[in-house]
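In this note's numbering, the protein residues as written are 1382 to 1831. The beta carbon of each residue, even a glycine, is placed where N, CA and C say it ideally should be. Structure first, commentary second.
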Ligand code: SAH
Ligand code: SF4
Ligand code: F3S
């Protein structure tokens, strides 16, 4: 079977799609370009209305291929699959498989069954009570040198927080921690395949271990265990909820040498009134205390965040407080979104909706401020040295050499020019930063890559 996977949404989906591609490859199926595909798999996101609508427009677009060859079919996986379920097949008859996040591990078997029986349809949207292991799939690589050197490792599924704007708990289910032994053995297997950087993944990693599937190991303990694996150059984790970040996790930034000095810590709003309405269970003072603690533990830590503007009831004063917090913390990067009503959430039922134009204006002001902070922060890097882990070639290539792109420990993108013909993916190199661009840095290598 020739398959083509389209992925939307967060790193969870990226990681799930990677696993699915590997699992299908191990079973003898082949990844193919869109116009060669026999089956399309859409791994979808439902966090705002826009990515949900994108799924329907993509299905509409793919219908062209299916009209030409009726044997072609589509599978919808991920959060929109869970949200809409069976109705997806009714609206788009060529969708013959609908898989919620907990059903994904059945995808290889289900796709084979459907290819054999063109009259069948499957909808797998049951939630499980515990974290079920997926079969680990490691295909032989034609070019082992091209294997990725950074990897995600899932440590939990779902979320119990029910922030009032968020659909994730409804589409990913309750929080289920993965047994630490399985996490460590996946990390070990990745390191043996040459991976140098691991990112532990979950919707709220700081509450790892606190649910019924927890095994008495806290997130801080897990971090120590993973960091101790030999050969691991860099460890990261995402996403963190401020209400659950333990003092031990904050201290870990000062204790674990390979824990990278970067943290994505979603703030969502700088107004205590709005934070309370969002059900976030922390306030500005608590957030700032965490930031102080992090900077004490690791003075060079770089912070990123997520922000929502135009939450129901947000006034100009509330929004000004968000701007003030962004300035005060000095986030080097942020993802900011206009509030979007999600079906079934508590905020959807709140009456005081903010006018879309007003929210758009606030979004632009916030992004302007962020761009200024980002620019200054990146400018401060010029002249400094940093160790870059090369991931691949840069998107833009100019001049005689070849530009390689990687990240520094603080997750900044760095582009470095090298002579043609080198294979640098997965190599580390000390680099001197020479120039700051809008969202990235330029540098020159000053030592041998290793
Ligand atoms: N579990 C993570 C992120 C979940 S979704 C966390 O708690 O931080 C990623 C981001 O999407 C959120 O941080 C939030 O900023 C944004 N988001 C979620 N629901 C939204 C909505 N209804 N409208 C606008 N943005 C939303
Ligand atoms: Fe959504 Fe809140 Fe859970 Fe994050 S912590 S996934 S924002 S409910
Ligand atoms: Fe989107 Fe689902 Fe991730 S809603 S953000 S793909 S958890």
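{"Check": "Three-state secondary structure (DSSP) of residue 1384", "Outcome": "strand"}
{"Check": "Residue interval of the beta strand (DSSP E) (run including residue 1596)", "Outcome": "Here residue 1596 belongs to no beta strand (DSSP E), and DSSP marks it neither H nor E."}
{"Check": "Alpha-carbon spacing of residue 1719 relative to residue 1463, whole angstroms", "Outcome": "23 Å"}
{"Check": "CB-CB length for residue 1712 against residue 1686, believed under 8 Å", "Outcome": "5 Å"}
{"Check": "Beta-ladder partner(s) of residue 1643, from DSSP", "Outcome": "1683"}
{"Check": "Cutoff 6 Å; reference residue 1693; Cβ partners in own chain excluding five residues on either side", "Outcome": "1728, 1731, 1733, 1734"}
{"Check": "Residue 1536 - partner residues in DSSP beta bridges", "Outcome": "Answer is none; residue 1536 lacks a bridge partner."}
{"Check": "Under the three-state DSSP convention, the category residue 1786 falls into", "Outcome": "strand"}
{"Check": "Reduced DSSP category for residue 1726 - H, G, I as helix; E, B as strand; rest coil", "Outcome": "coil"}
{"Check": "Top-ranked residue by Cα proximity to residue 1461, from 1698, 1714, 1428", "Outcome": "1428"}
{"Check": "For residue 1767 and residue 1761, the rounded distance between their alpha carbons", "Outcome": "13 Å"}
{"Check": "Where the beta strand (DSSP E) containing residue 1424 begins and where it ends", "Outcome": "1420-1425"}
{"Check": "CB contact flag (residue 1512, residue 1558, <8 Å)", "Outcome": "yes"}
{"Check": "Beta-carbon contacts of residue 1496 that lie in its chain and below 6 Å, excluding the five residues immediately before and after", "Outcome": "1382"}
{"Check": "DSSP state of residue 1827 mapped onto helix, strand, coil", "Outcome": "coil"}
{"Check": "Proximity test, residue 1663 beta-carbon vs ligand 1 heavy atom, cut-off 7 Å", "Outcome": "no"}
{"Check": "At least three beta-carbon pairs within less than 8 Å, the stretch 1656-1663 to the stretch 1618-1626", "Outcome": "yes"}
{"Check": "Residues of its chain near residue 1411, where Cβ-Cβ distance is below 7 Å and the 5 sequence neighbours each way are ignored", "Outcome": "1383"}
{"Check": "Cβ-Cβ distance between residue 1633 and residue 1605 below 8 Å", "Outcome": "yes"}
{"Check": "Opposing strand residues paired with residue 1811 [DSSP bridges]", "Outcome": "1768"}
{"Check": "Under the three-state DSSP convention, the category residue 1403 falls into", "Outcome": "helix"}
{"Check": "Cβ neighbours of residue 1612 in the same chain (closer than 8 Å, five flanking residues each side left out)", "Outcome": "1572, 1577"}
{"Check": "Distance cut-off 7 Å: residue 1543 Cβ against heavy atoms of ligand 2", "Outcome": "yes"}
{"Check": "Any non-hydrogen atom of ligand 3 closer than 7 Å to residue 1537 Cβ", "Outcome": "no"}
{"Check": "Three or more C-beta pairs below 8 Å linking the stretch 1448-1461 and the stretch 1407-1426", "Outcome": "yes"}
{"Check": "Segment contact flag, the stretch 1791-1804 with the stretch 1819-1828, C-beta cutoff 8 Å, min 3 pairs", "Outcome": "yes"}
{"Check": "Alpha carbon of residue 1386 to alpha carbon of residue 1673, nearest angstrom", "Outcome": "42 Å"}
{"Check": "Opening and closing residue of the beta strand (DSSP E) in which residue 1794 lies", "Outcome": "1794-1799"}
{"Check": "For residue 1507, the three-state DSSP class (helix, strand or coil)", "Outcome": "coil"}
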